[in-house]
Structures are given as structure tokens and as C-alpha cells.
Ligand code: LLP
């Protein structure tokens with residue numbers, strides 16, 4: 116469900132052949148379809164329209180100012196995890212009362228700025244953090260708004276690194292401690308405990324774990340008679356990286372809405388990947404084809420794990436298509452980058468048509484946790500980000516130059 120498709124054998128982004136973009140801008144680059152982005156935001160908005168939730172796009176998935184601004188302009192709020200994301204959120208004019216802030220390690224300074232700006236909610240991850248928020252709010256003579264992030268101990272079927280709602284993980288607060296917090300809310304005189312939050316993980320393609328966790332949360336709320344203003348059920352809706360089917364926004368809504376309909380509190384959602392994942396691709400070029408002594412074929416491309424970390428870190432599968440379509444996939448390649456690590460790959464043993472140096476490839480579904488997890492490792496400048504919008508090709512982030520690599524570094528006098 117995206118706007119990257121072949122037309123006459125040439126891969127297009129919306130109505131523009133990507134080969135045309137490659138002719139104008141050097142590869143590698145990230146390429147986004149505005150239409151796909153908005154389409155996915157509205158898929159969630161429409162699916163949940165009966166309960167009119169606040170949809171806070173999770174900036175960690177992609178914090179490009181233009182992507183976030185497009186969503187904010189369409190009515191989204193933002194889910195942030197750092198002072199840096201707060202800075203970017205405010206920069207694009209996101210109303211503070213649409214910003215929610217999670218993270219197990221919010222610093223005193225970050226908390227101070229966020230209270231000063233009047234964000235909608237801190238999603239509180241521990242008692243010491245709550246004490247810190249209370250004391251910062253007190254020193255500012257303000258009342259901070261907060262939700263308790265619950266850890267429901269529910270295990271979704273996803274990669275361990277992105278499982279967050281089981282009891283051995285660092286996130287959230289168990290029900291017993293949470294009850295204790297609400298019972299003793301008057302201890303936190305400068306915090307208004309207005310909601311609860313739960314986020315069990317990412318890339319979850321089934322509805323059942325959401326329902327299981329939500330049921331536990333609602334049971335907790337009912338049992339302890341806690342009056343809340345909002346219930347934030349986090350993000351985590353998965354997308355189809357492979358041919359395996361993922362639940363749709365409607366599938367999620369169909370089961371979640373009945374659980375909360377008629378309640379007095381407002382629903383908040385924090386989707387990241389679902390909104391932006393399929394709206395972006397990574398376009399790169401084959402530099403060399405190399406065959407090893409055991410006849411293994413490597414296609415060495417000009418993008419690496421520093422540009423797209425997901426395959427190396429999570430063994431994640433991203434479809435790879437040549438920009439110009441061929442008849443059959445009759446070769447197997449490891450698609451590898453130029454980084455000096457054997458874990459630097461975009462795909463292993465991938466069936467593709469015969470590739471030659473100079474071919475361009477599209478690494479699909481790279482809009483979420485692609486650029487946002489990229490780094491300068493091996494002193495490689497970060498990539499440009501380009502967006503197709505209303506039939507135009509727009510650069511939404513310039514590629515870094517070598518001089519950007521030394522920004523902030525200083526040669527000290529002590530060196531001989
Ligand atoms: N809310 C909270 C509190 C989160 O921790 C996250 C993601 C989200 C919302 C958004 O989740 P989403 O809807 O995007 O699944 N780098 C990993 C994903 C890490 C997700 C971290 N938390 C990856 O590339 O798969």
C-alpha cells in the first residue's frame with residue numbers, strides 16, 4: 116500500500132520515475148512519497164474516528180522537520196523522547212498541548228524545558244522520575260501533567276530488542292507500584308496525574324497483544340477506581356516488510372474501540388512506523404559485483420549500515436527492487452555496504468535479477484527508523500532526504516558534506 120510502483124518497467128515514486136531523480140541527485144538518498152505518508156496517517160485517523168483520538172506521531176521513527184510538520188498540519192500531535200525531539204517539535208510549531216513525552220531517562224534539564232513549554236503529558240516511567248518531575252515543577256511554580264506508563268507484562272510476537280511491555284524490560288511501572296502512586300498522588304503536589312500510558316513494543320502485526328494489554332490496563336483502572344482524563348495506548352502497529360500479512364488500521368480499531376467506547380477519557384495513539392514506514396525508500400547504487408571463492412556473489416552498494424541499520428541490528432528484511440525491472444530473479448546476492456564490518460549488509464542471500472555495477476536499487480519500507488537511526492560511522496556523511504510532493508521533487512534535507520563531519524571538533528593545543 117504505497118506509491119512506489121513499476122510503470123513500463125521503471126520504478127516510480129508517485130508519478131515520477133525514480134531514474135529521473137537519480138539523474139538529478141547523487142545517490143544514495145532517502146526518498147519519500149508525501150501521498151503515502153498522508154494516506155497512512157489518515158488510515159489511522161479514519162479507522163479510529165468513532166473515538167476521535169489524539170494521534171501523536173512518534174518522532175523517533177522519522178524526525179525530519181517536513182515529515183513532522185506535514186503530520187502536525189494534518190492535526191497530529193507528536194510523541195517525543197528527548198530534549199532534541201522537543202526542540203524540533205516546537206521548531207515546526209507543534210502546539211505543546213499535543214506533545215507527549217516518554218523515555219526512561221529524562222534529565223532534569225529536559226524536564227524543566229518541557230514543563231516550561233507546557234507539554235500535554237510526561238509518560239512517567241519510574242517513581243524516581245516522578246519525584247524529579249514534581250520537584251522541578253515545584254521549583255518552577257507550575258503543575259506538570261503526567262500519565263503513568265504501565266508495564267502490563269504482555270509479550271507480542273516481535274524482535275526482542277523492540278519488545279517493551281514485559282516485566283524484564285526497563286520500560287513502564289508494574290500495576291502494584293502504579294496503584295501505590297495513584298493512592299499517594301497527594302505526595303506529588305506539583306504533578307497532575309491525568310492518565311495512563313502503555314506501549315508494548317514495535318512492529319506488532321497482530322491485534323491480540325494490544326487487546327490483551329488493554330484489557331489488563333482497563334481492569335486495573337476499574338479495580339482501583341482511578342479517574343483519568345486520557346488513556347494512551349502507545350504505538351506499535353506493524354507494517355508488511357515481507358509478503359506476510361499485517362493487521363490493518365481497521366483491524367486494530369475494530370477490536371480496540373469497543374473496549375474504550377463510552378468511557379469518559381480520551382484515547383491517545385503514538386504510531387510511528389505505520390505512518391511513515393512505507394512512505395520512504397533508500398535509493399543506492401551498485402559499485403561492484405564481487406564473487407568469492409565459494410561462488411558467493413556480493414553486490415557492493417554505496418549505502419551501508421550507517422545509513423540503514425535495521426538489517427544489521429535486527430536482521431530485518433527490507434525488499435530490494437532494481438529501479439529498472441528485469442524478467443526474473445535468477446541470482447542470489449548479499450547486498451553489502453562499504454563499512455568495515457561483516458555485519459554491514461542490507462540483505463543476505465537475496466534473489467535478484469543479474470546486477471551489474473551502476474545499477475540502482477530501491478530498499479523498500481525504509482521511511483521509519485531509517486534515516487533517524489543513521490550515523491556518521493566510518494566518517495560517512497549523512498544522506499539527503501528527498502520528497503515527492505504534488506508532482507514536484509523537493510529536497511527536505513541536504514546531504515551532509517565532509518565539513519559537516521568535523522563540525523564541533525577542535526584541534527587542541529596540547530598536540531605536538
Ligand atoms: N511510543 C513509544 C513509547 C515508543 O517507545 C515507540 C517506539 C513508539 C511509540 C512508536 O512505535 P511504532 O509505532 O513506530 O512501532 N528502531 C526499531 C523500532 C524501535 C521502536 C522504539 N519505540 C526498528 O527499527 O524496528
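Numbering (our numbering), first residue to last: 116 to 531.
Beta carbons are placed, not taken as given, at the ideal position from N, Cα and C, and that holds for glycine.
Bear in mind the structure is a predicted one, so any value in this text is a computation, not a measurement.
Residue burial classification, residue i (beta-carbon count within 10 angstroms, cutoff 16)
| i | result |
| --- | --- |
| residue 244 | buried |
| residue 240 | buried |
| residue 419 | buried |
| residue 527 | exposed |
| residue 403 | exposed |
| residue 524 | exposed |
| residue 346 | buried |
| residue 521 | exposed |
| residue 509 | exposed |
| residue 368 | buried |
| residue 192 | buried |
| residue 507 | exposed |
| residue 529 | exposed |
| residue 124 | exposed |
| residue 174 | buried |
Short Cβ contact (7 angstroms threshold) for residue i with residue j
| i | j | result |
| --- | --- | --- |
| residue 450 | residue 414 | yes |
| residue 426 | residue 444 | no |
| residue 279 | residue 310 | no |
| residue 497 | residue 448 | no |
| residue 380 | residue 343 | yes |
| residue 474 | residue 416 | no |
| residue 156 | residue 134 | no |
| residue 230 | residue 216 | no |
| residue 176 | residue 483 | yes |
Through-space distance from residue j to residue i, alpha-carbon basis
| i | j | result |
| --- | --- | --- |
| residue 323 | residue 472 | 46 angstroms |
| residue 462 | residue 476 | 12 angstroms |
| residue 161 | residue 237 | 27 angstroms |
| residue 213 | residue 422 | 30 angstroms |
| residue 242 | residue 318 | 28 angstroms |
| residue 148 | residue 129 | 7 angstroms |
| residue 127 | residue 441 | 15 angstroms |
| residue 145 | residue 209 | 24 angstroms |
| residue 226 | residue 276 | 26 angstroms |
| residue 206 | residue 199 | 10 angstroms |
| residue 249 | residue 306 | 6 angstroms |
| residue 372 | residue 247 | 35 angstroms |
| residue 183 | residue 408 | 48 angstroms |
Residue from the options with nearest C-alpha to residue i
| i | options | result |
| --- | --- | --- |
| residue 436 | 265, 121, 116 | 121 |
| residue 486 | 152, 139, 119, 179 | 179 |
| residue 255 | 211, 377, 232, 269 | 232 |
| residue 491 | 351, 409, 288, 517 | 517 |
| residue 286 | 312, 299, 272, 273 | 312 |
| residue 308 | 349, 258, 292, 314 | 258 |
| residue 261 | 218, 273, 326, 224 | 218 |
| residue 394 | 283, 154, 453 | 154 |
Residues near residue i in its chain [Cβ-Cβ closer than 6 angstroms; skip 5 each side]
| i | result |
| --- | --- |
| residue 290 | 335 |
| residue 464 | 447 |
| residue 329 | 374 |
| residue 488 | 424 |
| residue 331 | 267 |
| residue 466 | 444, 447 |
Same chain, Cβ closer than 7 angstroms to residue i, neighbours up to 5 away in sequence not counted
| i | result |
| --- | --- |
| residue 355 | 361 |
| residue 339 | 294, 297 |
| residue 397 | 143, 145, 418, 422, 423, 478, 481, 485 |
| residue 113 | What is shown of the chain runs 116 to 531, which leaves residue 113 out entirely. |
| residue 300 | 308 |
Contact with chain D by residue i, beta-carbon distance below 7 angstroms
| i | result |
| --- | --- |
| residue 445 | Among the chains of the structure shown, chain D does not appear; only one protein chain is present. |
Proximity test, residue i beta-carbon vs ligand 2 heavy atom, cut-off 6 angstroms
| i | result |
| --- | --- |
| residue 484 | In terms of ligand content, the structure shown lacks ligand 2 and carries ligand 1 instead. |
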